[in-house]
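Take any residue in the sequence shown, count from 1 to its spot, add 11: that is its number in the working numbering.
Beta carbons are placed, not taken as given, at the ideal position from N, Cα and C, and that holds for glycine.
One structure is given below, encoded as structure tokens.
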Amino acid sequence: MDLEWYLALLLFGILHIVLALMLLQDLAGRNKVIGGHKAPWAILIIFITFIGSLLYLVCHPQIFYGEE
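Rendered as structure tokens:
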């Protein structure tokens with residue numbers, strides 16, 4: 012692999028970590044989530060890389076507006 016591939020992979024990893032931390036913080040502060048349980052959302056956000064984070068954003072768009 013060349014340097015560009017490593018840098019792209021590093022950037023993607025950093026992006027995922029920042030997004031996952033932001034979403035986990037939002038998840039911890041919510042009283043209600045779709046499905047009623049926070050643990051499955053946390054597992055999706057952490058272990059299903061990037062797709063879980065995007066799925067959470069799609070299902071809970073209020074994160075952008077600061078509403079609950």
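Residue i, enclosing alpha helix (DSSP H) - first and last residue
| i | result |
| --- | --- |
| LYS43 | It is not in any alpha helix (DSSP H) - LYS43 carries neither H nor E in the DSSP assignment. |
| ILE62 | 62 to 70 |
| ILE57 | 49 to 58 |
Whether residue i touches residue j by CB criterion (8 Å)
| i | j | result |
| --- | --- | --- |
| LEU55 | LEU68 | no |
| ILE45 | HIS71 | yes |
Status (buried if at least 16 other CB within 10 Å, exposed otherwise) for residue i
| i | result |
| --- | --- |
| GLY63 | buried |
| ALA50 | exposed |
| ALA31 | buried |
Beta-carbon contacts of residue i that lie in its chain and below 8 Å, excluding the five residues immediately before and after
| i | result |
| --- | --- |
| LEU35 | ALA53, ILE56, ILE57 |
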